[in-house]
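Chains as they are written, first to last, in the numbering used here: chain A, 406 to 725; chain B, 406 to 725. For every residue, glycine included, the Cβ atom is placed at its ideal position computed from N, Cα and C. Remember, predicted model here, so these are calculated numbers, not experimental data.
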DNA sequence: GTGAAAGCGCTAACAG
DNA sequence: CTGTTAGCGCTTTCAC
C-alpha cells in the first residue's frame with residue numbers, strides 16, 4: 406500500500422491534521438513545522454489519496470469535456486486548451502466523444518457528473534431544455550452555444566462570417582452561396598446570421614468532407630462565383646470535388662471555410678477561412694468553470710475570430 | 406447531498422450491506438431481495454459514490470492516456486478507440502498531451518498513476534528504463550513502442566514500410582529517399598527497419614508539416630524519383646512545398662506518407678500511405694490493460710497495417 | 001441470505 | 001499554532 410498521511414505524520418513528529426494543513430492550508434501552520442512536513446512528504450514521495458480527500462470535501466479535482474467528434478481537428482484543439490489550463494490547477498480532465506448524438510451527449514454528461522466538479526460541453530446538439538436540466542445537475546460551461554442562464558464561451562461566428570462576406574464583396578463577388586451545416590447545429594444558425602441575408606442559402610449538409618462534395622455539386626448549378634462553406638472540413642470536400650470536376654479554385658470559383666483547422670493551411674490552394682481561437686476557448690471554459698465552482702454566477706464570454714486570407718479566394722471572374 | 410446507500414437501504418427495508426451486495430455481487434443475494442433493491446435504486450436514481458468505493462476497493466474505475474501531440478490527428482483517433490472500449494466497461498478516461506516532451510510524459514504518468522487503474526502511453530519518447538520504472542508504478546500499456554516486459558500494442562510499421570518499398574519498386578523506382586522523423590521516435594527506427602537499406606536516408610526532421618517542407622527541399626537535391634515521408638503530416642508538407650516549386654506529383658516525384666490520417670484522403674493529389682488501425686489499437690490497449698488488472702502477464706500485440714494506394718505515386722519517370 | 005460493525009485515508013470542527 | 005475526534009459513503013469480514 407502507498408504511503409499515507411499517518412506515515413508522514415509519524416516521521417515528521419506531528420499529528421495528521423498538521424500534515425493535512427501544511428499541505429492544503431499553509432497559512433495555518435508555523436513555517437518551520439510546515440517545512441519539516443514538506444521535507445518528509447518529499448522524502449517519502451507522499452501523494453494524498455484523492456478518493457479519500459474527495460469523499461470528505463465533495464470535490465473531485467477533476468473535470469470533464471464532451472465533444473461531438475474527435476475526428477474533427479477543431480475539437481482536439483479545444484481539448485488541448487482545456488487540459489493546459491486545468492493542468493495548471495492540478496485538475497485532471499476526462500473526455501468523451503458523443504459521435505454527434507444528442508442522446509449520447511446527455512448520457513455522457515450525466516455519467517461524468519458523478520465524478521467531476523464540472524463539465525465543458527462543446528457544440529452541443531441538445532435542446533435548450535436538456536442543457537438547462539444538465540446545468541442543474543452539475544456546473545456546466547458551453548462552448549459555441551448559448552443557452553440563457555448557462556455559462557458559455559463563444560467564438561464569434563457571426564463576426565467571422567461578416568468578415569468573410571466583406572472580403573468576398575471587396576473582391577467584387579456579387580453572387581455567393583452559403584453551403585449550410587447541419588440543421589441542428591447552433592453554430593450553423595449563428596453563422597447564417599453573420600451572412601445578413603446577402604448570400605444565397607443552399608440547404609444543409611453533413612459537416613464533413615463528404616458533405617462538402619455533395620454541396621459543391623449543387624452550388625455549381627447556382628452560377629455563384631464564390632462558395633462559403635459551413636466549416637473547413639466541408640470546404641476541403643468542396644475543393645476536392647471542384648478539382649475533380651476541373652473547376653479552378655480560385656480562378657473560377659472562390660471558396661472559404663470556417664474554423665482554420667490545421668489542414669486549412671496545408672491544402673492547395675490553401676484555404677481562406679475564419680480562424681477560431683480554439684485552445685483559448687478551452688482555457689476560458691476552464692476559467693468559467695472555476696468561477697462557477699467558487700459560487701459565481703453563470704457568465705458568457707465571447708472570443709474574437711478573424712479572417713485568414715489564403716489562396717482559395719480571389720477577385721470575381723469577369724462576366725463570361 | 407445526493408442519495409446514498411443508506412437511503413436505498415432504508416426504503417428497501419434491508420441493510421446497507423445487502424444493497425451493496427445486490428449491486429456488486431448479485432449472486433450473494435436472494436433474487437427477490439435483489440429485485441426490490443434494484444427497484445428502489447432506479448426509483449431514487451441512486452448512483453454509488455465512486456470516491457467512497459474506490460477508497461475501499463483501491464480501484465478507481467478510471468484509466469488514463471498520454472499522447473505526444475493532440476494536434477496530430479493520429480492521436481485523437483487512438484483516444485477515440487480507448488474511450489469506446491473503456492466506456493463499454495463503465496470506465497472513464499483521462500487524457501494528457503505531453504507536447505512531445507519525455508520529461509512531461511513521465512510527470513504526467515506519475516500524476517495520473519495516483520488516480521487511475523492504469524495508463525496507456527502512446528508513442529513514448531522516454532527511455533526504456535524510464536518506461537520500466539513507470540510500469541512498475543502502475544499498470545502500463547504502450548502503443549507503438551516496445552519495451553521488454555511491458556505490455557504493448559504495435560501497429561506494424563516495419564511491414565507497412567515494406568509494402569511501401571515493394572509498391573515503389575513495382576512502379577520502377579530505383580532511387581528513393583526516406584525523409585526521417587525525429588531521432589528520438591521509436592517508430593522512426595522501426596520504419597527504417599522496414600526499409601531494409603534499400604532507400605537513401607535523409608536526416609531527421611520534425612514530424613509535421615513544416616518538417617516536410619524542409620525535407621522536400623533537401624530530397625530534391627538527391628535526384629530521387631520518390632520520397633517516403635516518416636508520416637502523413639510530413640508528406641503533406643512535402644506535397645505543399647513541391648507544388649510551390651512547381652514540381653508535379655506524381656508525374657515527376659512520387660510521394661508516400663504513413664498513418665493514413667483523415668486528411669491523407671482529402672488532399673490533392675490524395676496521398677498513398679500506410680493505413681494504421683488507430684482506433685482498434687486504442688481498443689486493444691484497453692483490453693491489455695484489463696488483462697494486467699486481472700493479474701495477467703504483460704502481453705505484446707501486433708496489428709497489421711496496409712498500404713493504401715492513392716494518387717501521389719505512379720511509375721518512375723523515364724530517364725530524362 | 002442477511003445484518004452489524006469495522007474501517008479505507010483524509011479533512012474539518014472543536015479543544016487546548 | 002497544534003492535537004483529538006468524528007465521520008465522508010462505501011465494501012467487507014464476521015456473526016447469525
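Is any beta-carbon of chain B found at less than 8 angstroms from that of residue i?
{"i": "residue 499 of chain A", "result": "yes"}
{"i": "residue 688 of chain A", "result": "no"}
{"i": "residue 724 of chain A", "result": "Bear in mind that the predicted position of residue 724 of chain A carries a pLDDT of just 48, short of 50, making it too unreliable to give a figure here."}
{"i": "residue 452 of chain A", "result": "yes"}
{"i": "residue 640 of chain A", "result": "no"}
{"i": "residue 668 of chain A", "result": "yes"}
{"i": "residue 527 of chain A", "result": "no"}
{"i": "residue 719 of chain A", "result": "no"}
{"i": "residue 657 of chain A", "result": "no"}
{"i": "residue 481 of chain A", "result": "yes"}
{"i": "residue 671 of chain A", "result": "yes"}
{"i": "residue 706 of chain A", "result": "no"}
{"i": "residue 456 of chain A", "result": "yes"}
{"i": "residue 460 of chain A", "result": "yes"}
{"i": "residue 535 of chain A", "result": "no"}
Restricting to Cα atoms, I'd like to know which of the options is closest to residue i.
{"i": "residue 682 of chain B", "options": "B:595, B:651, B:716, B:710", "result": "B:710"}
{"i": "residue 695 of chain B", "options": "B:432, B:449, B:462, B:468", "result": "B:468"}
{"i": "residue 447 of chain A", "options": "A:471, A:412, A:481, A:460", "result": "A:412"}
{"i": "residue 489 of chain A", "options": "B:638, B:713, B:659, B:475", "result": "B:475"}
{"i": "residue 442 of chain B", "options": "B:459, B:460, B:416", "result": "B:416"}
{"i": "residue 716 of chain A", "options": "A:657, A:625, A:499", "result": "A:657"}
{"i": "residue 646 of chain B", "options": "A:569, A:630, A:673", "result": "A:673"}
{"i": "residue 497 of chain A", "options": "B:455, B:530, B:516, B:667", "result": "B:516"}
{"i": "residue 664 of chain A", "options": "A:419, A:528, A:463, A:456", "result": "A:528"}
{"i": "residue 604 of chain B", "options": "B:578, B:465, B:495, B:471", "result": "B:578"}
{"i": "residue 697 of chain B", "options": "B:622, B:533, B:687, B:522", "result": "B:522"}
{"i": "residue 589 of chain A", "options": "A:675, A:450, A:530", "result": "A:530"}
{"i": "residue 598 of chain A", "options": "A:583, A:612, A:429, A:610", "result": "A:583"}
{"i": "residue 543 of chain B", "options": "B:524, B:507, B:691, B:478", "result": "B:524"}
{"i": "residue 690 of chain A", "options": "A:470, A:631, A:612, A:624", "result": "A:470"}
Please report the distance separating the alpha-carbon of residue i from that of residue j.
{"i": "residue 511 of chain A", "j": "residue 555 of chain A", "result": "15 angstroms"}
{"i": "residue 724 of chain A", "j": "residue 504 of chain A", "result": "Any reading at residue 724 of chain A must be qualified, since the residue scores a pLDDT of 48, below 50, and its modelled position is unreliable; no value is offered."}
{"i": "residue 574 of chain B", "j": "residue 493 of chain A", "result": "51 angstroms"}
{"i": "residue 654 of chain A", "j": "residue 650 of chain B", "result": "19 angstroms"}
{"i": "residue 636 of chain B", "j": "residue 450 of chain B", "result": "49 angstroms"}
{"i": "residue 720 of chain B", "j": "residue 617 of chain B", "result": "22 angstroms"}
{"i": "residue 535 of chain B", "j": "residue 643 of chain A", "result": "47 angstroms"}
{"i": "residue 594 of chain A", "j": "residue 713 of chain B", "result": "38 angstroms"}
{"i": "residue 620 of chain B", "j": "residue 473 of chain B", "result": "22 angstroms"}
{"i": "residue 641 of chain A", "j": "residue 453 of chain B", "result": "47 angstroms"}
{"i": "residue 435 of chain B", "j": "residue 514 of chain A", "result": "34 angstroms"}
{"i": "residue 456 of chain B", "j": "residue 440 of chain A", "result": "30 angstroms"}
{"i": "residue 670 of chain A", "j": "residue 458 of chain B", "result": "49 angstroms"}
{"i": "residue 423 of chain B", "j": "residue 410 of chain B", "result": "10 angstroms"}
{"i": "residue 501 of chain B", "j": "residue 486 of chain B", "result": "15 angstroms"}
Please report whether the beta-carbon of residue i lies at a distance below 8 angstroms from any beta-carbon of chain A.
{"i": "residue 411 of chain B", "result": "no"}
{"i": "residue 614 of chain B", "result": "yes"}
{"i": "residue 485 of chain B", "result": "yes"}
{"i": "residue 476 of chain B", "result": "yes"}
{"i": "residue 635 of chain B", "result": "no"}
{"i": "residue 429 of chain B", "result": "no"}
{"i": "residue 620 of chain B", "result": "no"}
{"i": "residue 465 of chain B", "result": "yes"}
{"i": "residue 556 of chain B", "result": "no"}
{"i": "residue 488 of chain B", "result": "yes"}
{"i": "residue 645 of chain B", "result": "yes"}
{"i": "residue 502 of chain B", "result": "yes"}
{"i": "residue 416 of chain B", "result": "no"}
{"i": "residue 540 of chain B", "result": "no"}
Tell me, please, which residues DSSP counts as bridged to residue i.
{"i": "residue 497 of chain A", "result": "A:467"}
{"i": "residue 566 of chain B", "result": "Answer is none; residue 566 of chain B lacks a bridge partner."}
{"i": "residue 556 of chain B", "result": "B:546"}
Open item on the list: What ranges does the beta strand (DSSP E) occupy inside the stretch 580–640 of chain A, keeping only unbroken runs of at least 3 residues that lie completely in it?
Closed with: 581–584, 605–607, 631–634
Task: Any beta strand (DSSP E) of 3 or more consecutive residues that is wholly inside the stretch 644–719 of chain B - done: 659–661, 678–680, 705–708, 711–713
TODO: Let me know the alpha helix (DSSP H) ranges lying completely inside the stretch 417–458 of chain B, each 4 residues or longer, listed in chain order.
DONE: 421–429, 436–449
TODO: May I have a chain-ordered list of the beta strand (DSSP E) segments no shorter than 3 residues that lie completely inside the stretch 500–553 of chain B?
DONE: 524–527, 545–548
Task: Contained beta strand (DSSP E) runs [length at least 3] in the stretch 457–482 of chain B, N- to C-terminal order - done: 467–472
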